[in-house]
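Asks: Chains as they are written, first to last, in my numbering: chain P, 6 to 229; chain S, 6 to 229.
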DNA sequence: TTCATAGTTCGATGTTAACCGAAGCATCGT
DNA sequence: ACGATGCTTCGGTTAACATCGAACTATGAA
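(1) May I ask you to report which of helix, strand or coil DSSP gives residue 89 (chain S)?
(2) Using a Cβ-Cβ cut-off of 8 Å, state whether residue 39 (chain P) counts as contacting chain S.
(3) Could you list which residues in chain S have their beta carbon closer than 9 Å to that of residue 17 (chain P), in chain order?
(4) Quick one: list the residues of chain S neighbouring residue 74 (chain P), beta-carbon separation under 9 Å, in chain order.
(5) When the distance is taken between beta carbons, is residue 49 (chain S) closer than 8 Å to residue 31 (chain S)?
(6) Pick out the complete alpha helix (DSSP H) segments inside the region 29-84 of chain P, 4 residues or longer, and give them in chain order.
(7) Should residue 184 (chain P) go down as buried or exposed, given a rule of 16 or more other Cβ atoms within 10 Å for buried?
(8) Three or more beta-carbon pairs under 8 Å between the region 12-24 of chain S and the region 145-152 of chain P, yes or no?
(9) What three-state label does DSSP hand residue 20 (chain P) in the structure shown?
(10) Just the chain P side, please: which residues come within less than 7 Å of residue 89 (chain S) by C-beta, in chain order?
(11) Within 8 Å of any Cβ in chain P, is that where the Cβ of residue 99 (chain S) sits?
(12) Identify whether residue 230 (chain S) lies in helix, strand or coil by the three-state DSSP scheme.
(13) Where residue 167 (chain P) and residue 109 (chain P) are concerned, what is the direct C-alpha to C-alpha distance, given to the nearest angstrom?
(14) Is it the case that the CB of residue 16 (chain S) approaches a heavy atom of the ligand FAD more closely than 7 Å?
(15) Taking contact to mean at least 3 C-beta pairs separated by less than 8 Å, is the region 76-93 of chain S in contact with the region 44-58 of chain P?
(16) Return yes when the Cβ of residue 189 (chain S) is within less than 8 Å of the Cβ of residue 114 (chain S), no when it is not.
(17) By how many angstroms is the C-alpha of residue 201 (chain S) removed from the C-alpha of residue 39 (chain S)?
(18) I want to see whether chain P comes within less than 8 Å of residue 60 (chain S), judged by CB atoms only; does it?
(19) Answer yes or no: does any C-beta atom of chain P fall closer than 8 Å to that of residue 86 (chain S)?
(20) Helix, strand or coil: which one does DSSP assign to residue 153 (chain S)?
(21) Which of helix, strand or coil does DSSP assign to residue 170 (chain P)?
(22) Where does residue 141 (chain P) fall in DSSP's three states?
(23) Please report the distance separating the alpha-carbon of residue 71 (chain P) from that of residue 19 (chain P).
(24) Could you give the residue range of the alpha helix (DSSP H) that holds residue 214 (chain S)?
(25) Give every residue of the same chain whose Cβ lies closer than 6 Å to the Cβ of residue 132 (chain S), excluding the five residues on either side of it in the sequence, and list them in chain order.
(26) For a contact meaning CB atoms closer than 9 Å, what does residue 12 (chain P) contact in chain S?
(27) Who are the Cβ neighbours of residue 212 (chain P) in its own chain at under 7 Å, not counting the five residues just before and after it?
(28) Take the Cβ of residue 45 (chain P) as the centre, count every other Cβ of all protein chains shown within 10 Å, and call the residue buried at 16 or more, exposed below.
(29) Terminal residues of the continuous beta strand (DSSP E) containing residue 199 (chain P)?
(30) For residue 71 (chain S), would you say it is in contact with chain P, using Cβ-to-Cβ distances shorter than 8 Å as the test?
(31) What are the boundary residues of the alpha helix (DSSP H) that includes residue 118 (chain P)?
(32) If you check the beta carbons only, do residue 83 (chain S) and residue 170 (chain P) fall under 8 Å apart?
(33) Could you list which residues in chain S have their beta carbon closer than 9 Å to that of residue 79 (chain P), in chain order?
(34) Would you call the CB atoms of residue 162 (chain S) and residue 122 (chain S) closer than 8 Å?
(35) Mind checking which residues open and close the beta strand (DSSP E) that includes residue 161 (chain P)?
(36) Roughly how many angstroms separate the alpha carbons of residue 35 (chain P) and residue 69 (chain P), rounded to a whole number?
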């Protein structure tokens, strides 16, 4: 049954990550879904057997993509029904609630707080988001310099964008990635506002008391 | 999550039964899905909470229908994906395999054998099936009279059709209902070809050795 | 009123499947 | 050759949920 494939939270997270049309590797998908590679592997083979995704081997990577636009269409339809029912509440994947609150996504902040930050930046007009790309406004550059002592000019990178929207598996919305996202996260760490959980391999990010307060002052709930 | 609602076999059976557009009572749906009323009640409230179906009270009955054509549309889309993947294999509901082989659906034969019978009748040109209605051919009338000593003329009924296609939950295909379906089943019983399971409340139908043989001779696997 | 039917709620049971650790290929880089 | 990385397979644990029996509510019939 196809529906039961989509029904599982972890698989659903993977599929939404693939909705962009891009092909992603198995480990990227595992990361997006917040599960280990072993578990992801099992899910991916099930999705493949169900004809929803197809793999492409490339070196030691396996890239997966949706098998076709019809799949994306049905997934959108399901999302539409969920929306209509006000049923959009996030069915979180497995494991720790702390992971949903704040965690590391590669090198930047993800989870509830990560999404909240980007939301706030949008409503404060610090960034302009057009379709797939994000751009910092003049206001935004000033803000980063003054509030966080981050010089945008130093963030340019040949292969990596400064701002990038990254899909958040626990929130199903975007948080800030790119070199700016990384810079912000490391600044948080330097300022002793937050620290990665000491447990080996953990992606949880713990905020300090003052960190929480400062974060709220800068990116507190937007009223838009 | 909407998809997980559709993913469960029992719920999926109920939904496909509702795909006709008609509203069905809770017990009818339980019957179609092959589960007890208690279980059905739980499923129905979940489907209602998910916004897929809506109830209508009428006396002591609760009629359920799909909330809209968009729901039906998404369900069709899912079925389409399943089809495309050659993934149409029946994910049966719970319980006894005997129930899937042959059982009573109100008063006629359902399950694997029920579906097989109607299939065979079609390929033998005993019936003509147009969209939603089924009609016995002249050949069919002769067949019923000779092979089963059933006189079609006596089967007319003011409120009930002689032939009717009834959706089979375990096979997802039609079997024969209506007064003819009932007549055939009671003939099978009289001829000692089959008998309802003596266990109280059981819907299982047990075929005798000779019954199996005779049935196969009349409705053996069609080669169409 | 009393009985029967339709449906729900509650509690207990059982099965399924997601999950991860550990170990096993395969591929790439050196 | 060797180690590192990406991914898979295997085994055992755990949590979620479908399932049913029994008891309860509501509606209709006698």
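Glycine residues also receive a C-beta, built at the ideal position from the N, C-alpha and C atoms. For clarity, every value in this text was computed on a predicted model and none was experimentally measured.
Replies: To lay it out plainly:
(1) Translated into positions along the second chain, residue 89 (chain S) becomes position 84. Residue 89 (chain S) falls in the helix class under three-state DSSP.
(2) Locating residue 39 (chain P) in the first chain gives position 34, counting from the first residue. So, not an interface residue.
(3) In the first chain, counting from the first residue as 1, residue 17 (chain P) sits at position 12. By Cβ distance, chain S contributes 6, 8 and 9.
(4) Stepping through the first chain from its first residue, residue 74 (chain P) is reached at position 69. What residue 74 (chain P) touches in chain S: nothing, since even the nearest Cβ is about 12 Å away.
(5) On the second chain, position 26 is the one that residue 31 (chain S) refers to. On the second chain, position 44 is the one that residue 49 (chain S) refers to. Yes.
(6) 31-38 and 42-54
(7) Indexing the first chain from 1 puts residue 184 (chain P) at position 179. By the neighbour-count rule (16 or more Cβ atoms within 10 Å), residue 184 (chain P) is buried.
(8) no
(9) Working through the first chain from its first residue, we reach residue 20 (chain P) at position 15. Residue 20 (chain P): helix per DSSP, three-state reduction.
(10) Against the second chain, residue 89 (chain S) aligns to sequence position 84. Simply 56.
(11) Taking the first residue of the second chain as position 1, residue 99 (chain S) is located at position 94. Legend: pLDDT at residue 99 (chain S) = 38, less than 50; position of this residue unreliable, value from coordinates given subsequently. No, residue 99 (chain S) does not count as interfacial toward chain P.
(12) Absent from the structure is residue 230 (chain S), since the part of chain S shown begins at 6 and ends at 229.
(13) Here residue 167 (chain P) refers to the residue found at position 162 when the first chain is read from its first residue. Here residue 109 (chain P) refers to the residue found at position 104 when the first chain is read from its first residue. Going from the Cα of residue 167 (chain P) to the Cα of residue 109 (chain P) covers about 17 Å.
(14) The ligand FAD is not among the ligands present in this structure, which contains no ligands whatsoever.
(15) When Cβ pairs closer than 8 Å are counted between the two stretches, the region 76-93 of chain S is seen to touch the region 44-58 of chain P, the count reaching three or more.
(16) The residue you call residue 114 (chain S) lines up with position 109 of the second chain. The residue you call residue 189 (chain S) lines up with position 184 of the second chain. Taking 8 Å as the Cβ cut-off, residue 114 (chain S) and residue 189 (chain S) qualify as a contacting pair.
(17) Taking the second chain and counting its residues from 1, one reaches residue 39 (chain S) at position 34. Taking the second chain and counting its residues from 1, one reaches residue 201 (chain S) at position 196. Going from the Cα of residue 39 (chain S) to the Cα of residue 201 (chain S) covers about 16 Å.
(18) Taking the first residue of the second chain as position 1, residue 60 (chain S) is located at position 55. Output row for residue 60 (chain S): interface = no.
(19) Numbered from its first residue, the second chain carries residue 86 (chain S) at position 81. Output row for residue 86 (chain S): interface = yes.
(20) Position 148 of the second chain, counted from the start, is the residue given in the question as residue 153 (chain S). Note: residue 153 (chain S) maps to helix in three-state DSSP.
(21) Residue numbering aside, residue 170 (chain P) sits at position 165 when the first chain is read from its first letter. Reduced to three states, the DSSP call for residue 170 (chain P) is strand.
(22) To locate residue 141 (chain P), count along the first chain from 1; it is residue 136. Strand at residue 141 (chain P).
(23) On the first chain, residue 71 (chain P) is found 66 positions in, with the first residue counted as 1. On the first chain, residue 19 (chain P) is found 14 positions in, with the first residue counted as 1. Computed Cα separation, rounded: 10 Å.
(24) As a working note, residue 214 (chain S) is residue 209 in the second chain. Taken as a continuous stretch (DSSP letters only), the alpha helix (DSSP H) holding residue 214 (chain S) covers 214-224.
(25) For the purposes of this step, residue 132 (chain S) is identified with residue 127 of the second chain, where counting begins at 1. Around residue 132 (chain S): 126, 139, 141 and 145.
(26) Indexing the first chain from 1 puts residue 12 (chain P) at position 7. Per Cβ cutoff of 9 Å: 6, 7, 8, 9, 10, 11, 12 and 13.
(27) Locating residue 212 (chain P) in the first chain gives position 207, where the first residue counts as 1. Here the set comprises 107, 198, 199 and 220.
(28) Numbered from 1 along the first chain, position 40 holds the residue referred to as residue 45 (chain P). With 16 or more neighbouring CB atoms inside 10 Å of its own CB, residue 45 (chain P) falls in the buried class.
(29) Within the first chain, residue 199 (chain P) is the residue found at index 194, counting from 1. Counting along the chain, residue 199 (chain P) sits inside the beta strand (DSSP E) bounded by residues 199-201.
(30) Counting from 1 along the second chain, the entry for residue 71 (chain S) is found at position 66. So, not an interface residue.
(31) The residue you call residue 118 (chain P) lines up with position 113 of the first chain. That run of the alpha helix (DSSP H) goes 117-128.
(32) Numbered from 1 along the second chain, position 78 holds the residue referred to as residue 83 (chain S). Numbered from 1 along the first chain, position 165 holds the residue referred to as residue 170 (chain P). In this structure, residue 170 (chain P) does not lie closer than 8 Å to residue 83 (chain S) by Cβ.
(33) The residue labelled residue 79 (chain P) in the question sits at position 74 within the first chain. In chain order: 79, 82, 83, 85 and 86.
(34) In the second chain, residue 162 (chain S) corresponds to position 157, counting from 1. In the second chain, residue 122 (chain S) corresponds to position 117, counting from 1. Cβ distance not < 8 Å, so residue 162 (chain S) and residue 122 (chain S) don't count as in contact.
(35) Here residue 161 (chain P) refers to the residue found at position 156 of the first chain. Element bounds for residue 161 (chain P): n/a, residue is neither H nor E.
(36) Locating residue 35 (chain P) in the first chain gives position 30, counting from the first residue. Locating residue 69 (chain P) in the first chain gives position 64, counting from the first residue. Cα to Cα, the separation comes out at about 12 Å.
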